[in-house]
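Report on one structure; see the data block that follows.
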Amino acid sequence: MRKLTAWVALAASALTITGCSDGSAQHGGGSGTGNQDSKSPTSAASSAAPTPRWAAVKGPPRTIPAVRGFKAADGTGWRASKNARVVVPAGQDSPVADEARRLAADLGGLKLSWKDDARPGDVELTLSGKGKAAGENNAAPASTADESYTITARDTRLTLTAPTDTGIFNATRTVVQSVRASGGVPEGTIQDRPDRAQRGLLVDTARKHFSADWLEKRIREMADLKLNQLQLHFSDDQAFRIESSSHPEIVSKDHLTKAQVRRLVKLARELHITVIPEIDSPGHLGAVIDKHPELQLRSAAGTSQRGAIDISQPKAAQIVDDLLREYAKLFAEEGVPGPRWHLGGDEYRALTVKSPGATYPQLARAATKKYGSGATVSDLTTGWLNDREKTLRKAGVKHVEAWNDGFHDSKVVTPDKDRTVAYWTGKEIGANDPAGFLKEGRRVVNLNDEYLYYVLGQPNDFTYPTGERIYKEWTPAVLRGTKPVPASLAGPDRIPGARFGVWCDLAQSQTTEQVARGIRLPLAALSQKVWDPRKPSLSWTDFKARAATVAPAR
1 MRKLTAWVAL AASALTITGC SDGSAQHGGG SGTGNQDSKS PTSAASSAAP
51 TPRWAAVKGP PRTIPAVRGF KAADGTGWRA SKNARVVVPA GQDSPVADEA
101 RRLAADLGGL KLSWKDDARP GDVELTLSGK GKAAGENNAA PASTADESYT
151 ITARDTRLTL TAPTDTGIFN ATRTVVQSVR ASGGVPEGTI QDRPDRAQRG
201 LLVDTARKHF SADWLEKRIR EMADLKLNQL QLHFSDDQAF RIESSSHPEI
251 VSKDHLTKAQ VRRLVKLARE LHITVIPEID SPGHLGAVID KHPELQLRSA
301 AGTSQRGAID ISQPKAAQIV DDLLREYAKL FAEEGVPGPR WHLGGDEYRA
351 LTVKSPGATY PQLARAATKK YGSGATVSDL TTGWLNDREK TLRKAGVKHV
401 EAWNDGFHDS KVVTPDKDRT VAYWTGKEIG ANDPAGFLKE GRRVVNLNDE
451 YLYYVLGQPN DFTYPTGERI YKEWTPAVLR GTKPVPASLA GPDRIPGARF
501 GVWCDLAQSQ TTEQVARGIR LPLAALSQKV WDPRKPSLSW TDFKARAATV
551 APAR
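This is the structure:
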């Protein structure tokens, strides 16, 4: 806020005001005035409104991601002047009222008006959409069209128009970044919308504890970049990181309380970000098995694989379903079940051996008992994930995804047809080509470990990804390695987006603050590449400089 307030003060110091003020638009400095409402009548405000003058704001707008369309016009643009207000003609019960309050605070404490009385120097927020999405506050967008917006700077006024409040929120982030970078918004019209609907960050909170404060800061940083998904991988072999009432015995000492999770989910929703929980199974359940050792998967020779649960035992499904139901409710947004969930499904060690049925005969027996004589351990594992998905859907979850190596070569049982593929690698045993999933008609989210995996300690030939590589080489179509899938399979309807993953394999290799610094530029680069499908116009050097300019003060 300090950096932005300085810009606002600088702009105000350069102003010349003509006409006379009626006094109704004056306010004290600082964000504490952001909730003060203007009470002056429309006619009086309009007739007595001063006309601000300032040095022209130079265009085009400087933001990350860059706006996709800007038509310049003659004029001086818009700056946050002394008497500027944020105006919502639809009133304080409008779905954009919270966006107005946030923008007023972000711009240094502007006054608010809930009347149709915009005057020179003001910012006006208007919804143009019809139907349910336009009438609800913080409703999940149905498409990227719902996230679109138009900003018009004309004759010292700024107008933000969008079909939904998500679009208005995106518009406000453009305004705030433009003020940070240029002191205002240049004269003309911005028309903007994202290319991909899903744009986000994954954080492995299981292997390394991240505080609620750290996660809140990342949520705010994501919102500034118009990223809209946060995946929390909070259960693994090393720890289980969220308070549980159904199975408190599995929870690690360092964990998030349910109250903290609710606050994070509420903040995320206010900033138009969906939180995606992940309880990985049937592998990566070491924290559960530590307290329930009877569920450890063991081979015929008596050997065990860390984290692999014995899915032939009914109690295994019971415990995992208890947790899924509990956390589906916890992550619900204001009483509405969370729209997305990640099942995990990767690296189940029973399927990494040469002969799964011979090595784990109890799994082979369970497969034939449940699915018939032709069923294999792969069928049993696919059925396990299908059953967990049924539990989630009964709990109200609408969209379910799993890692690409959780889609097995099973002949009798097939994965649920609506399950999204989260594609991370082609290096694992049994990993399928991403084009195969796309040809099946599945949607595939890009988490390509070649570019989008930040693995602490850089084990197993991983190297810390750079924003430069993402910016120069990667696109949403590059799902595996460095080669894109065919363009005919790579549209936004098939590859809806991407997430950048922070994995904490060697947890002590970096502090949480080092992680925050390390992912800053990769996240900025990702936001650019999922927002605009065109080749970026800035050089990497210039993009880095812009990232520093538009970032909020830390």
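The numbers in my numbering rise by one with no breaks, and the one at position 70 of the sequence shown is 70. Glycine included, each C-beta is placed from N, C-alpha and C at the ideal position. This structure is a prediction, so every number in the text was calculated from the model and none was measured.
| query | result |
| --- | --- |
| Taking the alpha helix (DSSP H) that T541 belongs to, which residues open and close that run? | 540–550 |
| Just checking my contact of G69 with Q191 at CB under 8 Å: how many whole Å lie between their CB atoms? | 4 Å |
| Evaluate A308 with the Cβ neighbour count: other Cβ atoms within 10 Å of its Cβ, from every protein chain shown; 16 or more gives buried, anything less gives exposed. | buried |
| Can you list, in chain order, the residues of its chain whose CB lies under 6 Å from that of A73, leaving out five sequence neighbours each side? | E187, G188 |
| Going by beta carbon distance, what residues of the same chain come within less than 7 Å of K544, once the five residues before and after it are set aside? | L521 |
| Which residues in the same chain have their Cβ closer than 6 Å to the Cβ of W78, if we skip the five residues on either side of it in sequence? | A153, L158, G184, V185 |
| What's the gap between the Cα of E333 and the Cα of T274? | 9 Å |
| Along the chain, where does the beta strand (DSSP E) that runs through F234 open and close? | 229–235 |
| Could you pull the start and end residues of the alpha helix (DSSP H) that I168 belongs to? | 165–182 |
| What residues are listed by DSSP as bridge partners for Q191? | G69, T150 |
| Is there a Cβ from chain D that is less than 8 Å from the Cβ of G135? | Looking at the structure shown, chain D is missing, and only one protein chain is on hand. |
| Going by C-alpha to C-alpha distance, which of Y451, G374, E278, G372 sits closest to L392? | E278 |
| Any contact of the region 446–466 with the region 477–491, i.e. 3+ C-beta pairs under 8 Å? | yes |
| To the nearest angstrom, how far is the alpha carbon of A287 from that of A90? | 51 Å |
| Quick check on E136: buried or exposed, where buried means 16 or more other Cβ atoms within 10 Å of its Cβ? | exposed |
| How many angstroms separate the CA atom of A9 from the CA atom of K417? | The predicted position of A9 is uncertain, since its pLDDT is 49 and thus under 50; no value can be drawn from it. |
| How many whole angstroms separate the CB atoms of A206 and A259, which I take to be in contact at a CB cut-off of 8 Å? | With 8 Å as the limit, A206 and A259 do not qualify as a contact, their Cβ atoms being about 20 Å apart. |
| Using beta-carbon positions only, say whether W424 and I311 come within less than 8 Å of one another. | no |
| Just to confirm the assignment, what range does the beta strand (DSSP E) spanning S113 have? | 111–113 |
| Is the region 200–215 touching the region 226–243, taking contact as three or more C-beta pairs under 8 Å? | yes |
| Which residues mark the beginning and the end of the alpha helix (DSSP H) in which E401 is found? | That residue, E401, is in no alpha helix (DSSP H); its beta strand (DSSP E) goes 399–403. |
| Could you pull out every unbroken alpha helix (DSSP H) segment of at least 4 residues lying fully inside the region 237–320, listed in chain order? | 258–270, 286–291 |
| Quick one: give me the first and last residue of the alpha helix (DSSP H) that D204 is part of. | Segment 198–204 is the beta strand (DSSP E) holding D204; no alpha helix (DSSP H) there. |
| Give every residue of the same chain whose Cβ lies closer than 8 Å to the Cβ of A386, excluding the five residues on either side of it in the sequence, and list them in chain order. | The sequence given here has Asn at residue 386, not Ala. Same-chain partners within the cutoff: V413, P415, D416. |
| S281 to K427, Cα distance in whole Å? | 20 Å |
| When burial is assigned at 16 or more other CB atoms within 10 Å of the CB, is D542 buried or exposed? | exposed |
| Would a C-beta distance cut-off of 8 Å place R546 and A181 closer than the cut-off? | yes |
| Spatial neighbours of Q26 within its chain, please: CB distance less than 7 Å, with the 5 preceding and 5 following residues excluded, ordered by chain position. | Note that Q26 has pLDDT 30, beneath the 50 cutoff, so the model's placement of it is unreliable and the number below is only indicative. Counting only Cβ-Cβ distances below 7 Å, and skipping sequence neighbours, we find N83. |
| Quick one: does the C-beta of D505 sit closer than 7 Å to a heavy atom of the ligand PLP? | Looking at this structure, you won't find the ligand PLP or any other ligand, since it has none at all. |
| For K483, which of helix, strand or coil comes out of DSSP? | strand |
| For the region 311–396, list the alpha helix (DSSP H) runs that are entirely contained and at least 4 residues long, ordered along the chain. | 314–330, 356–359, 361–371, 377–394 |
| Pick helix, strand or coil for R85, following the three-state DSSP scheme. | strand |
| Please check the pair P476 and R196, which I expect to be a contact at CB under 8 Å, by giving their CB distance rounded to whole angstroms. | 6 Å |
| Measure the beta-carbon distance from P163 to A134 and round it to whole angstroms, keeping in mind my assumption that it falls under 8 Å. | 6 Å |
| Just mark N404 as buried or exposed, buried being the case when its beta carbon has 16 or more other beta carbons within 10 Å. | buried |
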